[in-house]
Amino acid sequence: MNDIDYYKKRLEHYEKQRKEEKKNNVCMGKLLMLVFGILVIYAFFPWREKEYTDVHFGLSVAGFIWGFVMWLKAKDSHN
Numbered sequence: 119m120n121d122i123d124y125y126k127k128r129l130e131h132y133e134k135q136r137k138e139e140k141k142n143n144v145c146m147g148k149l150l151m152l153v154f155g156i157l158v159i160y161a162f163f164p165w166r167e168k169e170y171t172d173v174h175f176g177l178s179v180a181g182f183i184w185g186f187v188m189w190l191k192a193k194d195s196h197n
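Per the numbering used here, the sequence shown runs over residues 119 to 197.
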């Protein structure tokens, strides 16, 4: 009987951990989209450094996509 209780508690802890991880991934994805979204917008302002615009814009878009994928994957995952 102790084995059943042990594994039941272990399963509950695992499910709680997965739910917390999913919530953290959603928050991190939103944060990444916010930060890199601001950097994408900044790439179009006139006071930016002209010589690094392409690199800055490319990395910012890549970071925004990374955040979006992280958010979408956590949002659409089952359980």
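C-beta: ideal position from N, C-alpha, C; glycine also. Predicted, not measured: the structure shown is a model, and the values here were computed from it.
1) V158: which of D121, G176, N143 sits nearest, CA to CA?
2) How big is the Cα-Cα spacing for L129 and Y160?
3) When DSSP labels each residue in this structure, what does G186 get in the three-state scheme?
4) Hey, which unbroken runs of the alpha helix (DSSP H) at 4 residues or more fall wholly within the region 120-167?
With the given structure in hand:
1) Here the closest residue by C-alpha is G176.
2) So the alpha carbons of these two residues sit roughly 46 Å apart.
3) The question names Gly, yet the displayed sequence has Phe at residue 186. Helix, per DSSP.
4) Counting only runs of 4 or more, we get 120-160.
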